[in-house]
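Novice:
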Amino acid sequence: MRFQENSASPPRTPKSHESVDSSINLPEIIVENHRIVYDVVPLVSYVKEQFNGPRISLKLSTGVRYAPLQRLHLAFHHLYDGERPTTIHEVKLLTFTLVVRGIENIIQRTSRFSMSCTEFAELPNNDKWHLFRKMTAHAMCVVRCLMTVEFFGYDLEDTRIMHTDNVCIDALNFDYDPKQVPADSANTLRSVFRPFCKKIYHTILAPFKQLRITKFETCYILALILWNTEDMEDLSEETHEVADRFLSEAASELHHYYRFEMKVENYAERLTKLVKISSSVEKIGSERKEILALADIFNKFSCDLFTPGYFF
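Take 1 as the starting number for the sequence shown in the UniProt record's numbering and just add one per residue.
1) Going by Cα to Cα distance, which pick from Leu294, Ile221, Ile204, Asn187 is closest to Leu69?
2) Mind checking Gly153: buried by the 16 CB within 10 Å criterion, or exposed?
3) Candidates Leu43, Met162, Val167: which alpha carbon is nearest Arg112's?
4) Is DSSP giving His202 helix, strand or coil here?
5) Candidates Arg71, Glu83, Leu235, Leu74: which alpha carbon is nearest His130's?
6) Mapping DSSP to helix, strand and coil, what is His163?
7) Where does Val91 sit, in a helix, a strand or coil, going by DSSP?
8) Would you call the CB atoms of Phe311 and Ile107 closer than 8 Å?
9) List in chain order: all unbroken beta strand (DSSP E) runs of 3+ residues lying wholly within the stretch 77-164.
10) Would you report the Cα separation of Ile56 and Leu123, rounded to the nearest angstrom?
11) Can you list, in chain order, the residues of its chain whose CB lies under 6 Å from that of Asp184, leaving out five sequence neighbours each side?
12) Going by the DSSP bridge assignment, what does Asp175 pair with across the sheet?
13) Following the continuous alpha helix (DSSP H) through Ile225, name the residue where it begins and the one where it ends.
14) Go ahead and label Asn187 buried or exposed: buried means 16 or more other beta carbons lie within 10 angstroms of its beta carbon, across all protein chains shown.
15) Quick check: Val167 and Val91, are their CB atoms within less than 8 Å of each other?
16) Answer with buried or exposed for Phe260, where buried requires no fewer than 16 other C-beta atoms within 10 angstroms of its C-beta.
17) Who does Ser302 pair with in a DSSP beta bridge?
18) Less than 8 Å between the CB atoms is what I'm expecting for Asp177 and Leu94, so what's the real figure, rounded?
And the structure:
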């Protein structure tokens with residue numbers, strides 16, 4: 001894998017028909033001043049198709065019973081890892097196009113990742129959507145942080161973070177492409193999202209590096225995010241029970257993973273840090289919603305992709 005640094009702008013973004021995950025014909029991205037003109041229908045239809053279809057099958061060994069967290073681990077490998085890039089580009093200037101295409105990718109993969117989980121696939125569709133909306137923004141943050149430590153290692157002085165599958169930015173020093181982002185919008189976004197990315201670095205990416213987190217532990221964090229239904233009053237009682245059972249089994253699996261694979265006898269501190277990361281991820285997701293809502297209200301940035309009720 002090669003690393004190309006200090007690129008002024010990102011590499012060519014995929015055209016609508018080049019999605020790595022499906023044949024979905026993604027819409028053209030049109031930027032009009034602070035607003036991204038975006039048709040959400042194809043992506044909404046794609047997720048509906050996933051949720052109305054059968055469980056996403058994984059390549060499992062015949063005759064082997066896989067526990068819930070093991071299945072998530074396999075699903076992560078098949079549905080999030082994807083084909084590793086041969087070159088990673090570090091960009092200084094972000095475009096709206098790059099941001100939106102990256103989010104489209106995560107939405108597609110998260111819908112398939114969720115539907116690979118037997119317990120999720122058997123839920124009522126209404127409950128699937130509630131859990132999925134919570135999961136999408138959080139999964140994006142977790143997946144990108146794991147990719148970052150896998151590609152760049154554990155140096156805390158390295159503030160690069162993966163932004164898409166093959167593009168990274170400096171979390172503490174990036175800007176917006178003036179060719180696509182109006183100056184007043186860029187100033188607002190810069191003043192808001194630089195501190196936001198700094199918070200992601202310090203509360204999520206840095207702990208990932210300090211723990212030298214494993215992919216199995218990352219899947220446990222995703223399980224906590226997906227199945228933490230404590231404050232979700234719109235879910236059915238049956239779904240709350242499914243969530244409680246899943247997390248109980250996942251905790252037992254993690255215990256065995258620490259004892260017999262990592263050979264860690266006293267893992268209480270490590271587990272506490274995983275739970276803290278999960279909590280930080282959820283707080284970051286809530287802050288992102290608030291930031292985007294305010295940007296829309298003050299006519300600095302808007303896109304139907306981020307409208308509450310679709311994917312977030």
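Beta carbons: idealized from backbone N, C-alpha and C, even for Gly.
Specialist: On the basis of the supplied data:
1) As a first step, residue 69 must be located in the sequence shown, where it is residue number 69. Per the Cα distances, Ile221.
2) What you label residue 153 is simply residue 153 of the sequence shown in a count that begins at 1. Label assigned to Gly153: exposed.
3) Taking the first residue of the sequence shown as 1, we reach residue 112 at position 112. Of Leu43, Met162, Val167, the residue nearest in Cα terms is Leu43.
4) The sequence position of residue 202 within the sequence shown is 202, counting from 1. Reduced to three states, the DSSP call for His202 is helix.
5) Within the sequence shown, the letter at position 130 stands for residue 130. Residue Leu235 is the option with its Cα nearest to His130.
6) On the sequence shown, position 163 is the one that residue 163 refers to. Note: His163 maps to coil in three-state DSSP.
7) As a working note, residue 91 is residue 91 in the sequence shown. In the structure shown, Val91 sits in a strand (DSSP, three-state: E or B).
8) In the sequence shown, the residue the question calls residue 311 occupies position 311. In the sequence shown, the residue the question calls residue 107 occupies position 107. For Phe311 and Ile107, yes; Cβs fall inside 8 Å.
9) You should have 87-91, 160-162.
10) Indexing the sequence shown from 1 puts residue 56 at position 56. Indexing the sequence shown from 1 puts residue 123 at position 123. Rounded to the nearest angstrom, the two C-alpha atoms are 14 Å apart.
11) Mapped onto the sequence shown, residue 184 falls at position 184. No residues qualify anywhere along the chain.
12) Position 175 of the sequence shown, counted from the first residue, corresponds to residue 175. DSSP output for Asp175 lists Leu93 as bridge partner(s).
13) The count along the sequence shown starts at 1 and reaches residue 225 at position 225. Ile225 -> alpha helix (DSSP H) spans 215-227.
14) Numbered from its first residue, the sequence shown carries residue 187 at position 187. Asn187 should be labelled exposed.
15) In the sequence shown, counting from the first residue as 1, residue 167 sits at position 167. In the sequence shown, counting from the first residue as 1, residue 91 sits at position 91. One thing to note: Val167 has its Cβ within 8 Å of the Cβ of Val91.
16) Taking the sequence shown and counting its residues from 1, one reaches residue 260 at position 260. Exposed is the call here.
17) Here the question's residue 302 lines up with position 302 in the sequence shown. DSSP lists Arg35 as the bridge partner or partners of Ser302.
18) Here residue 177 refers to the residue found at position 177 of the sequence shown. Here residue 94 refers to the residue found at position 94 of the sequence shown. Right, their Cβ atoms sit about 7 Å apart.
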